[in-house]
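Converting from the sequence shown to our numbering requires adding 55 to each position, the first position being numbered 1. To keep things clear, I will list the structure first and then write my remarks on it.
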Amino acid sequence: MFPLFKTKYTLDIETARSNEKILDDLEDLSSKDEPSTKTTEKTIPNSNATSNGVVLNGDVIRRDDTLILVPEPATGLPKAQDSDEEDKNKYDFHLSEAFDYIKVGVEAIIEDQVTSRFEAEELKNWNLLIRTNRGYEFISWKLTVIWLCGFFIRYFFLFPLRVMICFFGLLWLVLTTGLISFLPESTFKICLVEKCYVISFRILTRSVSAIINIHNKQWRPQKASVCVANHTTPIDVVFLSNDNAYSLIGQRHGGFLGILQRALARASPHIWFERSEVRDRHAVANRLKEHVSDPKNPPILIFPEGTCINNTSVMQFKKGSFEVGSVIYPVAIKYDPRFGDAFWNSSKYSMMQYLYMMMTSWAIVCDVWYLPPMHQDKDESAIDFANRVKSVIAKQGGLVDLVWDGQLKRSKPKKEWRERQQEEFTKRLKIE
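Structure (structure tokens):
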């Protein structure tokens, strides 16, 4: 591997590290006046392990998360203390109290925990692809010749071959599902659908030269259940369907994607919603319950994050799929970005542009772990159950477990979150 291109953070690494040293000095200064009592508010989990000065989770800086509150904790804010206990904790305001918040603010300016998850993961070494913000940077003729050879192989040999394979896979999918739809409902039809389904997606997998390593097949999702996985790309469905037949859930589309949806729905039970029904949570829950109540239906595949994340972390799981009352089969997916970045930045690339990038990459390499089935405890809420499943997936995939909502990609933070930060700060101040 050759470090030909400088990524967008490379030029700022030294500045970031110097800023971090200054912030650490501020933290040491503020710790001298820190009171003996500390808040017990739950903090955002984040790995700050370093190796040779580099943060292992891919962040630019190493941060202390004790002041970053959970957006929507299950237990709410801490209860007010009794008057006697409150008197013991009173102390005068010191200017150094603001240093911690200044430190957190500067850290957010350098790099926050949310927006960096919606950009392609930065590689430490160049992988002979043009996937950086620098179009070209000359280093040596030898390296340039190697890149030109790779360019010729990817664009003039692999790309046309992959397009033909993709076309054949789509044609096979449409024809087989159309023919199977004329068969009467029977066990034979169910088995035939599963075989054709898996074969179709295995052909489509070859169109991006995907290498899928599947682990723990004894925990493969079973019928009449819910399978949940972290979400990186729309073709997560294609890769997971290489080993099992799933029912899909989503919004009904038109055009090319609509043709595929109708082809799939002709042969097997899938849940497609009209645009007006998507926001009706009760309608979605009822459709899910109806699906898992039939023991003949295949497991339904759901991505609770609701948006694509760059495969460095797992963000908030929506609770809807955990209110069904069915057994949950967690699945962890981890991609190797050295051979091709599978993340789809939907705000930057269209679906056709994304597929073009996938078909001109070297390969898509990923590991898929089936995890033991999980059940909701009797006194456990849907939110707590979702967080428990999310933590298991993050741990297995080596991903950072974040509590932030992935919809922050498209919307502003809630006003309540800012008010909670302000309220927590007032609890640290007891001016007599």
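Where is the CB? At the ideal position from N, CA and C, for every residue including glycine. It should be emphasised that the depicted structure is a prediction, and the values quoted were computed from it without experimental measurement.
CB contact flag (residue i, residue j, <8 Å)
i: N268; j: V423; result: yes
i: K278; j: P359; result: no
i: G224; j: S255; result: yes
i: W202; j: L183; result: yes
i: A322; j: S236; result: yes
i: E166; j: N365; result: no
i: F173; j: N400; result: yes
i: D391; j: V420; result: yes
i: V253; j: Q371; result: no
i: F193; j: T199; result: yes
i: E378; j: A437; result: yes
i: L315; j: V293; result: no
i: L178; j: R475; result: no
i: G395; j: M413; result: yes
Cβ distance (whole Å) where residue i is taken to contact residue j below 8 Å
i: L426; j: A387; result: 7 Å
i: L356; j: L295; result: 6 Å
i: N299; j: R275; result: 6 Å
i: A545; j: L228; result: As displayed, the chain neither begins before 56 nor continues past 487, which places residue 545 out of reach and without an answer.
Proximity to residue i [Cα-Cα], best of the options
i: L410; options: L315, V263, S236, S255; result: V263
i: A320; options: W227, Y156, E329, L303; result: L303
i: I383; options: H325, A338, V347; result: V347
i: R261; options: I326, R217, H337; result: R217
i: W417; options: F211, G309, T362, Q316; result: F211
i: E479; options: S151, Y156, L150; result: Y156
i: L454; options: K389, K469, Q476, P468; result: K389
i: I374; options: Y404, H325, E435, L178; result: It is Lys, not Ile, that sits at residue 374 in the sequence shown. Comparing Cα-Cα distances from K374 to each of Y404, H325, E435, L178, the minimum goes to E435.
i: S402; options: T362, Q371, Y252, F294; result: T362
i: N271; options: V444, K467, P428; result: P428
i: I290; options: T170, R257, S151, S466; result: R257
i: K351; options: Q168, I245, I220; result: I245
i: G305; options: W181, I326, G313; result: I326
i: S376; options: N442, G313, Q408; result: N442
Local conformation of residue i per DSSP, three classes
i: P215; result: helix
i: V248; result: helix
i: S402; result: coil
i: F207; result: helix
i: Q306; result: strand
i: D155; result: helix
i: K373; result: coil
i: Y425; result: strand
i: K179; result: coil
i: Y411; result: helix
i: S446; result: helix
i: K389; result: strand
i: C282; result: strand
i: H337; result: helix
i: L78; result: Only weak support exists for where L78 lies, its pLDDT of 49 falling under 50; the value from the coordinates is given anyway. In this structure, L78 counts as helix in the three-state DSSP scheme.
i: I290; result: coil
i: H356; result: Reading the sequence as shown, one finds Leu at residue 356 and not His. Strand.
i: I201; result: helix
i: E471; result: helix
Test: residue i CB closer than 8 Å to a CB of chain B
i: S436; result: Going by chain labels, chain B is absent from the structure shown, which holds only one protein chain.
Are there three or more Cβ pairs, one per stretch, closer than 8 Å when the stretch 440-452 is compared with the stretch 279-297?
yes
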